[in-house]
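A quick write-up on the structure given underneath.
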Amino acid sequence: MIPVSDEPLLRAEKLTMRFGGLVALDALDIEVRPREILGLLGPNGSGKTTFFNVVTGLYAASSGTITFEGRNISGLSPQAVYQAGITRTFQRSRLSLSLSVFDNVAVGNSRMLDHGIIHNLFCRKALLAEYERTVEQVRTLLATFNAALAGKLFHSAAGLSMIDRRRVEICRALISEPRLLLLDEPSAGMTHDETAELMDDIMHVREKLAPFSVVIIEHEMNVIQRTTERCVVLNYGKKIAEGSYAEITVNADVRAAYLGQE
Amino acid sequence: MPLGVAMLVLLALSWALLGAETQTEVFGLFGVTAVIAVIASRLKFTESLGRVAVEHERAVSIACVVGILILMALFHEDHFPLLLLGSVLLYATACLGLNIQFGYVGIVNFAGASFFGIGAYTTAVLASHTAMPHLLILAAGGVMAALVGCVLLLPVLRTRGHYGALVTIAFATLFRSFLEVNDTLGGPQGLKIPSLQFFGWDLGEGLIFGGVEFSFYANYVFFALLLCMAAYVCVRRVERSWLGVAMDMVRTDEIAASVFGISIARQKIIAFVLGNLLVGIAGAAYGMMTNYIAPNNFTFADSLILVSMLLLGGIGNPLGVFPAAALILILPEKLQFIQEYRFLLYGTVIIFILLFRAQGLLPRGIRRFFPCAENDPRQ
Ligand SMILES: Nc1ncnc2c1ncn2[C@@H]1O[C@H](COP(=O)(O)OP(=O)(O)O)[C@@H](O)[C@H]1O
Ligand SMILES: [Mg+2]
Chain S
150 MIPVSDEPLL RAEKLTMRFG GLVALDALDI EVRPREILGL LGPNGSGKTT
200 FFNVVTGLYA ASSGTITFEG RNISGLSPQA VYQAGITRTF QRSRLSLSLS
250 VFDNVAVGNS RMLDHGIIHN LFCRKALLAE YERTVEQVRT LLATFNAALA
300 GKLFHSAAGL SMIDRRRVEI CRALISEPRL LLLDEPSAGM THDETAELMD
350 DIMHVREKLA PFSVVIIEHE MNVIQRTTER CVVLNYGKKI AEGSYAEITV
400 NADVRAAYLG QE
Chain G
183 MPLGVAMLVL LALSWALLGA ETQTEVFGLF GVTAVIAVIA SRLKFTESLG
233 RVAVEHERAV SIACVVGILI LMALFHEDHF PLLLLGSVLL YATACLGLNI
283 QFGYVGIVNF AGASFFGIGA YTTAVLASHT AMPHLLILAA GGVMAALVGC
333 VLLLPVLRTR GHYGALVTIA FATLFRSFLE VNDTLGGPQG LKIPSLQFFG
383 WDLGEGLIFG GVEFSFYANY VFFALLLCMA AYVCVRRVER SWLGVAMDMV
433 RTDEIAASVF GISIARQKII AFVLGNLLVG IAGAAYGMMT NYIAPNNFTF
483 ADSLILVSML LLGGIGNPLG VFPAAALILI LPEKLQFIQE YRFLLYGTVI
533 IFILLFRAQG LLPRGIRRFF PCAENDPRQ
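Here the protein sequences line up with chains S and G, keeping their order.
When we follow my numbering, the leftmost residue of the first sequence carries the number 150, and every step to the right adds one.
When we follow my numbering, the leftmost residue of the second sequence carries the number 183, and every step to the right adds one.
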């Protein structure tokens, strides 16, 4: 389905997530527009990661609906959400360290790869062709991030530096050419310069791929300022502000939420 | 070159070990092995050997097969070493099945010996009561093990980590009691199994080949070798495919796997069923080779032996199960004083591996999908 231009790509309506007595998302309404970069802000524990987990199907929302490209995706399994075209990174890096860089990125493309038993066990010629295609794809994607990283295709992920691990994670999320990319604190555990470098890389890669939207959770305010067109601020699972970076920084509620936390 | 030397040394050592008759000889052999190992690592020989072995994988496989054939020829009329060699190959085949489960998808199966037993008992019943061709019966043994394994699927899928292992332990205990009280299956006395025959070839008969007399066990060694090679190729292909990547993802991170479209249940089902199939086929062949099976062959302790082979060899590396199966099966046979304490020995082996060399004798390396040099895209 081709979304109408003013129709949002993703729309969460009255989304509520309860963990026992704790309300992590409280009747949240969020829209992500086609091709935009949306910043998701809020103090620690305000429900940002929970929002990602609910969207990607890891948690089933207590109530509310999520619509993606006009289709109701609430309650779908993580696998089905991925098939629909949403991928993500995790706040704490989730690479499989014992596997190679190639394995880690290739798994991100699993919806394009043939997982059939007969194909994998007996059609080795066809598998070889598919494999060589994938190697080229992964290598090209890694190279757009960092030339040195592409040379480590068959090294184990355990040997990578923090920034390289983040890059690999982002490549894993990008290789299937998703319609929506969810980035959960991509700068966590990295220096200021590394963060800037990584953001430049992401913007650079984004220009080369089919246009997609991004939601980015980030604490580094200058990253938000430089990359996002619009921001949503959460506090206690509720949306307390929405607008451009300039608008939300002068918002009284936002200042109070952040001050209250410090 | 280093490969050739290493293979010859390995061949000589296994020949000496299989043929050793006194405990002094075995201990002498230990000494020699230790000295060789120390010299090799001093000369940085082990490192380069590892690299060369990875690069020339096909040569290594061929050398192993030829080595086993040579051993078979050397012991051509000695029943016992040949029986040991055949057992090593069949246990290794079973371990290859468990390797898919434990090494790839991460299901710890403590009922390996039970599935081995299901294969053997199926063979016993079918071969004594029907006229089915024996090769089909072997396959039926595997299919039966896989089918019975499906009973365990639901709890194994529902529970995570250690609870899944508990389910298999419960099954292993149950299976043994079931065999002991079941009179149609021979009760505690067990059953006799006719020897394997197909296409007019009776594996239970010794033969004369080129003027040399061969024990009938040589037939079984040869057959076990074929079976083992087929299982090895199968396991390698699972590993070196998208299925293998998906299984490794399920083992290492179920959440990341699901977020990238991998069905956890599907991978676990494939691994569990395929693994039990291989274990069952190995058990069926083992039953035919020994001609006799009893519940005592398939206890929880025997399952532990299989798991300790996997751990010793290096989880996830199908090549590792061979030296591990050889050491764990042959040593207790050669060192009588260990016999009474063999389970103590297995326990100690597991603890030592976990403490000092968690990755096993031959640690698993990075996945190489197509290792032949001509189509390795890394060049
Ligand atoms: N699986 C869970 N079980 C119980 N509570 C949770 C769970 N996940 C998150 N929470 C709680 O929900 C709230 C929001 O957490 P989170 O979304 O991680 O915040 P953040 O905005 O820092 O990413 C926190 O109070 C957290 O403790
Ligand atoms: Mg968070």
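Virtual Cβ for every residue (Gly too), placed ideally from N, Cα, C.
Look at the alpha carbon of residue i and the alpha carbon of residue j, and state the distance between them as a whole number of angstroms.
{"i": "V270(G)", "j": "A508(G)", "result": "6 Å"}
{"i": "E556(G)", "j": "M348(S)", "result": "Because the pLDDT of E556(G) is 49, which lies under 50, any placement of that residue in the model is unreliable, and the number read from its coordinates should be weighed accordingly. Their Cα atoms are separated by approximately 39 Å."}
{"i": "I244(G)", "j": "T275(G)", "result": "17 Å"}
{"i": "A400(G)", "j": "L251(G)", "result": "9 Å"}
{"i": "V290(G)", "j": "A202(G)", "result": "35 Å"}
{"i": "L265(G)", "j": "P553(G)", "result": "33 Å"}
{"i": "S318(S)", "j": "G308(S)", "result": "Correcting the residue type first, residue 318(S) is Glu in the shown sequence and not Ser. Whole-angstrom Cα-Cα distance: 14 Å."}
{"i": "T340(S)", "j": "H353(S)", "result": "20 Å"}
{"i": "E411(S)", "j": "T350(G)", "result": "Unreliable placement is indicated for E411(S), whose pLDDT of 49 sits below 50; no coordinate value is reported for it."}
{"i": "A198(G)", "j": "Y528(G)", "result": "23 Å"}
{"i": "R184(S)", "j": "V172(S)", "result": "31 Å"}
{"i": "H368(S)", "j": "L190(S)", "result": "7 Å"}
{"i": "P152(S)", "j": "F217(S)", "result": "At P152(S) the pLDDT is 47, less than 50, meaning the model places this residue with poor confidence and gives no usable figure here."}
{"i": "V181(S)", "j": "R314(S)", "result": "27 Å"}
{"i": "H394(S)", "j": "N269(S)", "result": "Sequence inspection shows Tyr at residue 394(S); the His mentioned does not correspond to that position. The straight-line gap from Cα to Cα measures roughly 49 Å."}
{"i": "Q561(G)", "j": "L248(S)", "result": "Legend: pLDDT at Q561(G) = 43, less than 50; position of this residue unreliable, value from coordinates given subsequently. Their Cα atoms are separated by approximately 20 Å."}
{"i": "V333(G)", "j": "G206(S)", "result": "29 Å"}
{"i": "V236(G)", "j": "R550(G)", "result": "10 Å"}
{"i": "I437(G)", "j": "A209(S)", "result": "14 Å"}
{"i": "G338(S)", "j": "Q240(S)", "result": "10 Å"}
{"i": "L385(G)", "j": "E281(S)", "result": "44 Å"}
{"i": "R316(S)", "j": "I324(S)", "result": "12 Å"}
{"i": "A406(S)", "j": "C380(S)", "result": "15 Å"}
{"i": "L193(G)", "j": "I282(G)", "result": "28 Å"}
{"i": "Q518(G)", "j": "F405(G)", "result": "29 Å"}
{"i": "D402(S)", "j": "R160(S)", "result": "24 Å"}
{"i": "T344(S)", "j": "L348(G)", "result": "46 Å"}
May I ask you to list the residues that DSSP assigns as paired with residue i?
{"i": "D384(G)", "result": "Q379(G)"}
{"i": "R220(S)", "result": "F217(S)"}
{"i": "S212(S)", "result": "T165(S)"}
{"i": "G188(S)", "result": "I365(S), C380(S)"}
{"i": "L367(G)", "result": "For L367(G), which the question treats as bridged, DSSP gives no partner whatsoever."}
{"i": "I475(G)", "result": "L373(G)"}
{"i": "D435(G)", "result": "Paired residues: none, contrary to the question."}
{"i": "R314(S)", "result": "R314(S) is not bridged to any residue."}
{"i": "I390(G)", "result": "E395(G)"}
{"i": "S247(S)", "result": "Its beta-bridge partners do not exist; DSSP assigns none."}
{"i": "L159(S)", "result": "V181(S), F217(S)"}
{"i": "S305(S)", "result": "S249(S)"}
If contacts are defined as beta-carbon pairs under 8 Å, then residue i and residue j qualify, I think. What distance do you get, rounded to the angstrom?
{"i": "T215(G)", "j": "A222(G)", "result": "Going by Cβ atoms, the distance from T215(G) to A222(G) rounds to 10 Å, so no, they are not a contact pair."}
{"i": "T236(S)", "j": "P157(S)", "result": "Going by Cβ atoms, the distance from T236(S) to P157(S) rounds to 18 Å, so no, they are not a contact pair."}
{"i": "E421(G)", "j": "Y286(G)", "result": "7 Å"}
{"i": "A506(G)", "j": "M491(G)", "result": "4 Å"}
{"i": "I497(G)", "j": "G457(G)", "result": "Contact flag wrong, Cβ pair sits at about 13 Å."}
{"i": "A466(G)", "j": "T305(G)", "result": "4 Å"}
{"i": "V432(G)", "j": "G288(G)", "result": "7 Å"}
{"i": "A255(S)", "j": "T283(S)", "result": "6 Å"}
{"i": "I510(G)", "j": "I532(G)", "result": "At roughly 10 Å, the Cβ-Cβ gap does not stay under 8 Å, so I510(G) and I532(G) are not in contact."}
{"i": "G386(S)", "j": "G196(S)", "result": "4 Å"}
{"i": "G323(G)", "j": "S485(G)", "result": "About 17 Å separates the two Cβ atoms, so there is no contact after all."}
{"i": "A412(G)", "j": "F298(G)", "result": "The Cβ separation is near 17 Å, so there is no contact."}
Between which two residues does the beta strand (DSSP E) harbouring residue i extend?
{"i": "C272(S)", "result": "Counting along the chain, C272(S) falls outside any beta strand (DSSP E), and DSSP gives it neither H nor E."}
{"i": "E391(S)", "result": "387-392"}
{"i": "V181(S)", "result": "171-181"}
{"i": "T236(S)", "result": "235-237"}
{"i": "E395(G)", "result": "394-396"}
{"i": "D333(S)", "result": "329-333"}
What is the residue span of the alpha helix (DSSP H) that residue i lies within?
{"i": "F482(G)", "result": "482-495"}
{"i": "R240(G)", "result": "239-256"}
{"i": "I221(G)", "result": "205-224"}
{"i": "L320(G)", "result": "316-340"}
{"i": "T344(S)", "result": "341-357"}
{"i": "L280(G)", "result": "261-280"}
{"i": "Y303(G)", "result": "294-311"}
**OP:** List in chain order the residues whose CB is within less than 7 Å of at least one heavy atom of ligand 2.
**Re:** K197(S), T198(S), Q240(S), D333(S), E334(S), I366(S)
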